[in-house]
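Colleague: Would you mind keeping the following structure in view while I ask a few things?
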Amino acid sequence: MKRRIYFDHAATTPISPKVLEELGREAGLIGNPSSLHFFGRQVREQVESAREEIAAALGAKASEVIFTGSGTEANNTAIKGLFWKRAPRKVIVSTSIEHHAVLDPIHWLVQHEGALHRNLQVDRRGCPNFRQLKEIVDQEGDEIALISLIHTNNELGTVIDLERISSIIGGIPLHLDAVQSLGKVNFNFQASGAISAAISAHKVGGPLGVGALLLRHGIDVTPLLHGGGQERDIRSGTLNAPGILAFALAIKEMKENFNSQVEKVKGLRARMIAIINEKVPDASFNGTGDAPGILNVTFPGTDNEASLLLFDSAGIAASTGSACSQGVAETSHVLLGIGLSESEARSTLRFSLNHRNDMDEVEYFGEVLTNVIAKARAAFAAGSRS
Amino acid sequence: MKLIAAMSGGVDSAVAAARAHEEGHEVIGVHLALSKNPQKYRSGARGCCTVEDSHDARRAADRIGIPFYIWDMSDEFHQGVVEDFLSEYQSGRTPNPCLRCNEKIKFAAVLDRARAMGFDGVVTGHYAQIRDASIDGLSFRAMYRAIDPAKDQSYVLAVLNGEQLNGAFFPLGDTTKEKIREEAKRRNLAVAAKPDSHDICFVPSGDNAGWLRERLGSETGAIIDESGEKLGEHRGAYTYTVGQRRGLGITKPREDGAPRYVLRIEPISNTVVVGERDSLAITEIIGERVIWCGPAPKAAMSGADSGSARGLVQVRAHGKAIGCSYTMVGGSDRDEDRDVNGKKIRITCDEPIYGLAPGQGAVLYDGDRVVGSSTVLETR
Chain X
818 MKRRIYFDHA ATTPISPKVL EELGREAGLI GNPSSLHFFG RQVREQVESA
868 REEIAAALGA KASEVIFTGS GTEANNTAIK GLFWKRAPRK VIVSTSIEHH
918 AVLDPIHWLV QHEGALHRNL QVDRRGCPNF RQLKEIVDQE GDEIALISLI
968 HTNNELGTVI DLERISSIIG GIPLHLDAVQ SLGKVNFNFQ ASGAISAAIS
1018 AHKVGGPLGV GALLLRHGID VTPLLHGGGQ ERDIRSGTLN APGILAFALA
1068 IKEMKENFNS QVEKVKGLRA RMIAIINEKV PDASFNGTGD APGILNVTFP
1118 GTDNEASLLL FDSAGIAAST GSACSQGVAE TSHVLLGIGL SESEARSTLR
1168 FSLNHRNDMD EVEYFGEVLT NVIAKARAAF AAGSRS
Chain Y
571 MKLIAAMSGG VDSAVAAARA HEEGHEVIGV HLALSKNPQK YRSGARGCCT
621 VEDSHDARRA ADRIGIPFYI WDMSDEFHQG VVEDFLSEYQ SGRTPNPCLR
671 CNEKIKFAAV LDRARAMGFD GVVTGHYAQI RDASIDGLSF RAMYRAIDPA
721 KDQSYVLAVL NGEQLNGAFF PLGDTTKEKI REEAKRRNLA VAAKPDSHDI
771 CFVPSGDNAG WLRERLGSET GAIIDESGEK LGEHRGAYTY TVGQRRGLGI
821 TKPREDGAPR YVLRIEPISN TVVVGERDSL AITEIIGERV IWCGPAPKAA
871 MSGADSGSAR GLVQVRAHGK AIGCSYTMVG GSDRDEDRDV NGKKIRITCD
921 EPIYGLAPGQ GAVLYDGDRV VGSSTVLETR
């Protein structure tokens, strides 16, 4: 049996065994949490407890947690909802290294709703240009509908400096895409200064198909989904009770073990970097390492189409970090956004670790690395010749 | 062995990958993205170049249980196949892009890359057979026609040299298309009933003339007969093919009512020359870019134009193979790497061939074995 190692935790994390057990148990519950009878009440009690637990763990009030079907839905709800609610303001500020779940709704608003997009520049590490942010705020402050920023970058692991940002933007609504933050870095909604934040269960050992929008108390946004009005009239649809309960348990587990898990991942990361430096001395690392689990590496003279296949063939799951659009893998807009050249970006892979990885797996990575990169370089050279 | 299976999203390449996997090889499915902006859905009966096709290929790979990747070969394809196609038409020739794609993409760019990554070869769903052969005591991997004559694709594969054939695997050549569809169904492959692809994959509409006109312009020119008399006007000489009879746009019919055919295209004067069918007959082909699919036949190589080998020549994908003698002749002023010592080949046919255009492939067979190919330079 071939050895399989999962270094793609930024894509999705394996569900924790306890969470899986909880999910199975809750899936057998009868009752729609909106129903008034005994069955409904029973489920509702649990859902509301879950909401309180999630809120407490993330520095939010229970009423600030709006459950959604995914992180993408949470981002769309915040961005479109705030934009519409704050009409006639037209300006949306974001960086070019946002996730597609943020970039695409903004582009949609530009194309269909007359939004004006201001692109906030980032430096080579993925940190926003504060001077430019201040200029935009000074010049267009009253016109800005919202500022949307990725809190922990999914490809780079860079975390933005919220204190600096809050001090610049004043009362302008800030939405955070915090999907990658849970379990990787400290995230406290109250302290973030943001008006809203998107999170997702499956990035933190929870089930797929559950996300949440943390939305400041008293702020209304125009809903995307109309119907039963289950979530503060901002999100309609029968609540995914088993998923929500499992989400709460996953966050609880994460909180309890956060420090030890982060320390473990830091150790794995340090060893992995040492191995790469030793075996591929001309490799370079992108991002700040704020989220230690995300290791973004450029292997010069390769292309990631080939290296990804070769790592997979050797049993190691990595990612190009890029979206697969129209069948052809796009060059990562994030890497281009921080100033990598097209060829640098195409020779870059993302390894994302979490506490379920171990040193043995990292050592195995070291055993196959030289061979994989040698073959990837040969393939790249063959491509350049033809 | 470790093999890359090129999967177009069609039924043939899916079954080919499944067969290779079943034989115990380590197979990785690869879909070649040949355009940066492929169409989303298939239009008509095509099958290889849309997003839907790449999904079909992925679904088949998942069903077979092999890894699947998409390789972006759009730059290589554009340069090696599409540009070549355009420039050949611009020079008044009639290229075969499938030949070019096999020569430059599937069994060059893809095979080179696969080999560099530690793979032994490329599996495709082409209908041809590869068997060991021995000639004059020399053993080699030889290519033969498929057993299904209606599907035989050895013609478009005759651009592979011995080195490329060593890395080429065609698991379908021993089976008829009908049986392949049945097998796909048995294997639960969703593409079992998917229509075959026809035409040229990068001309989604199937309107070759329109596609060329869009890119090469539609400068009008004269249609003349062999005596030089002007019979009509055309909108782009390259939209005509030698041997073409219908849709010539001639306003003046012949007195005897006999049909006229395109005899040749003269790109410099932008003229299309038409005439009677007999004028299309040729018995001698001078070919360039000679490629031997294995050892070069000694009899044709004896030099000084003295020797000649016997065989069959075929000039269209499903055309008739005609008895012929062939020999290497002269040097060449064109320094094509793949020519044998820069030489050309002269093929003398036992009976006339009608409507052969420069640019077409002339493929030589010894019985069912593919001996080699060349690109038609001129005819007599």
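Quick mapping for you: the protein sequence lines, in order, are chains X and Y.
Sequential numbering of the first sequence, starting at 818, is according to our numbering.
Sequential numbering of the second sequence, starting at 571, is according to our numbering.
Built from N, CA and C at the ideal position, the CB exists for glycine as well.
Tell me, please, which residues DSSP counts as bridged to residue 822(X).
Modeller: What you label residue 822(X) is simply residue 5 of the first sequence in a count that begins at 1. Residue 822(X) pairs with 1133(X).
Colleague: Quick one: Cα of residue 1082(X) to Cα of residue 1017(X), how far?
Modeller: On the first sequence, residue 1082(X) is found 265 positions in, with the first residue counted as 1. On the first sequence, residue 1017(X) is found 200 positions in, with the first residue counted as 1. One C-alpha to the other measures close to 20 Å.
Colleague: Using DSSP's beta-bridge definition, name the partner residues of residue 879(Y).
Modeller: Mapped onto the second sequence, residue 879(Y) falls at position 309. Residue 879(Y) is bridged to 896(Y).
Colleague: Would you verify that the beta carbon of residue 1129(X) is, or is not, closer than 9 Å to some beta carbon of chain A?
Modeller: As a matter of chain content, chain A is missing from the structure shown, whose protein chains are X and Y.
Colleague: What did DSSP end up calling residue 888(X) once you bin it into helix, strand or coil?
Modeller: Stepping through the first sequence from its first residue, residue 888(X) is reached at position 71. Reduced to three states, the DSSP call for residue 888(X) is helix.
Colleague: If we call anything under 9 Å between Cβ atoms a contact, is residue 870(X) one with residue 1068(X)?
Modeller: Within the first sequence, numbered from 1, the residue matching residue 870(X) stands at position 53. Within the first sequence, numbered from 1, the residue matching residue 1068(X) stands at position 251. Yes, these two residues count as a Cβ contact at 9 Å.
Colleague: As a quick exercise: from 666(Y), 741(Y), 855(Y), pick the residue whose alpha carbon is nearest that of residue 897(Y).
Modeller: As a position in the second sequence, residue 897(Y) is number 327, starting the count at 1. If we check each option's Cα against that of residue 897(Y), 855(Y) comes out closest.
Colleague: Ignore the nearest five residues each way along the sequence and tell me which others in residue 874(Y)'s own chain have a CB closer than 7 Å to its CB.
Modeller: Against the second sequence, residue 874(Y) aligns to sequence position 304. Bear in mind that a pLDDT of 48 at residue 874(Y), under 50, signals an unreliable position, so the model cannot answer this.
Colleague: When Cβ atoms are compared, which residues of the segment 684-697 of chain Y fall closer than 9 Å to chain X?
Modeller: 684, 685, 686, 687, 688
Colleague: Output the residue ranges of the alpha helix (DSSP H) runs that lie fully inside the segment 665-752 of chain Y and measure 4 residues or longer, sorted by chain position.
Modeller: 667-671, 680-686, 724-727, 732-736
Colleague: Under 7 Å Cβ-Cβ, which residues of chain Y neighbour residue 1192(X)?
Modeller: On the first sequence, position 375 is the one that residue 1192(X) refers to. Residues of chain Y passing the Cβ test: 686, 687, 688.
Colleague: By DSSP, does residue 950(Y) sit in helix, in strand, or in coil?
Modeller: Within the second sequence, the letter at position 380 stands for residue 950(Y). Three-state result, residue 950(Y): coil.
Colleague: In chain X, which residues lie with their C-beta within 9 Å of the C-beta of residue 935(Y)?
Modeller: Mapped onto the second sequence, residue 935(Y) falls at position 365. Residues of chain X passing the Cβ test: none, with the nearest at roughly 29 Å.
Colleague: Residue 1078(X) bridges to which residues according to DSSP?
Modeller: Position 261 of the first sequence, counted from the first residue, corresponds to residue 1078(X). Partner(s): none; residue 1078(X) has no beta bridge.
Colleague: Between which two residues does the alpha helix (DSSP H) holding residue 856(X) run?
Modeller: For the purposes of this step, residue 856(X) is identified with residue 39 of the first sequence, where counting begins at 1. Start and end: 855-874.
Colleague: Specify the secondary structure class of residue 935(Y) as computed by DSSP and reduced to three states.
Modeller: On the second sequence, position 365 is the one that residue 935(Y) refers to. Residue state, collapsed to three classes: strand.
Colleague: Along chain Y, in chain order, which residues have C-beta atoms closer than 7 Å to that of residue 875(X)?
Modeller: Mapped onto the first sequence, residue 875(X) falls at position 58. What residue 875(X) touches in chain Y: nothing, since even the nearest Cβ is about 37 Å away.
Colleague: 9 Å is my cut-off, CB to CB: does residue 679(Y) come that close to chain X?
Modeller: Here residue 679(Y) is taken as the residue at index 109 of the second sequence, counted from 1. Taking Cβ atoms only, chain X reaches closer than 9 Å to residue 679(Y), which makes this a yes.
Colleague: Tell me, please, whether the CB atom of residue 905(Y) is closer than 9 Å to any CB atom in chain X?
Modeller: As a position in the second sequence, residue 905(Y) is number 335, starting the count at 1. Since pLDDT at residue 905(Y) reaches only 44, below the 50 mark, its modelled position is unreliable, and the value read off the structure follows with that caveat. Taking a beta-carbon distance threshold of 9 Å, residue 905(Y) does not count as an interface residue toward chain X.
Colleague: Going by DSSP in three states, residue 1207(X) sits in which element: helix, strand or coil?
Modeller: Not covered by the structure: residue 1207(X). The range shown for chain X is 818 to 1203.
Colleague: Taking Cβ-Cβ distances shorter than 9 Å, what residues in chain Y pair up with residue 1073(X)?
Modeller: The residue given as residue 1073(X) occupies position 256 in the first sequence. The contacting residues do not exist; residue 1073(X) stays about 37 Å from chain Y at best.
Colleague: If you scan the segment 1021-1077 of chain X from start to end, which runs of the beta strand (DSSP E) of 3 or more residues do you find wholly inside it?
Modeller: 1028-1032
Colleague: What is the C-beta distance between residue 966(X) and residue 1009(X), in whole angstroms, given that I count them as a contact (C-beta under 8 Å)?
Modeller: By one-based count along the first sequence, residue 966(X) stands at place 149. By one-based count along the first sequence, residue 1009(X) stands at place 192. Actually they are not in contact, since the Cβ atoms of residue 966(X) and residue 1009(X) sit about 10 Å apart, beyond 8 Å.
Colleague: Pick out whichever of 800(Y), 692(Y), 808(Y), 635(Y) has its Cα sitting closest to the Cα of residue 822(Y).
Modeller: Stepping through the second sequence from its first residue, residue 822(Y) is reached at position 252. When only C-alpha atoms are compared, the closest one is 800(Y).
Colleague: If we ignore side chains and look at the alpha-carbon of each, how far apart do residue 872(X) and residue 993(X) end up?
Modeller: Taking the first residue of the first sequence as 1, we reach residue 872(X) at position 55. Taking the first residue of the first sequence as 1, we reach residue 993(X) at position 176. Distance between the alpha carbons of residue 872(X) and residue 993(X) is about 16 Å.
Colleague: Are there any heavy atoms of the ligand FMN lying less than 8 Å away from the beta-carbon of residue 1148(X), as far as the coordinates show?
Modeller: Here there are no bound small molecules, and the ligand FMN is not part of this structure.
Colleague: Return yes when the Cβ of residue 907(X) is within less than 9 Å of the Cβ of residue 1039(X), no when it is not.
Modeller: What you label residue 1039(X) is simply residue 222 of the first sequence in a count that begins at 1. What you label residue 907(X) is simply residue 90 of the first sequence in a count that begins at 1. No; because the gap between Cβ atoms is not below 9 Å, this pair is not in contact.
Colleague: In chain Y, what lies closer than 8 Å to residue 1195(X) by C-beta?
Modeller: As a working note, residue 1195(X) is residue 378 in the first sequence. Going along chain Y in sequence order, the residues near residue 1195(X) (Cβ under 8 Å) are 686, 687.
Colleague: Is the shortest distance between the beta-carbon of residue 1125(X) and the beta-carbons of chain Y less than 9 Å?
Modeller: Along the first sequence, one-based indexing puts residue 1125(X) at 308. It does; some Cβ of chain Y falls within 9 Å.
Colleague: My parser needs the alpha helix (DSSP H) runs of 4 or more residues fully inside the segment 1159-1197 of chain X; what are they?
Modeller: 1159-1163
Colleague: Which chain X residues are close to residue 598(Y), counting only those with a beta carbon under 8 Å from its beta carbon?
Modeller: Counting from one through the second sequence, the residue named residue 598(Y) turns up at place 28. Near residue 598(Y) (Cβ distances below 8 Å), the residues of chain X are 1126, 1130.
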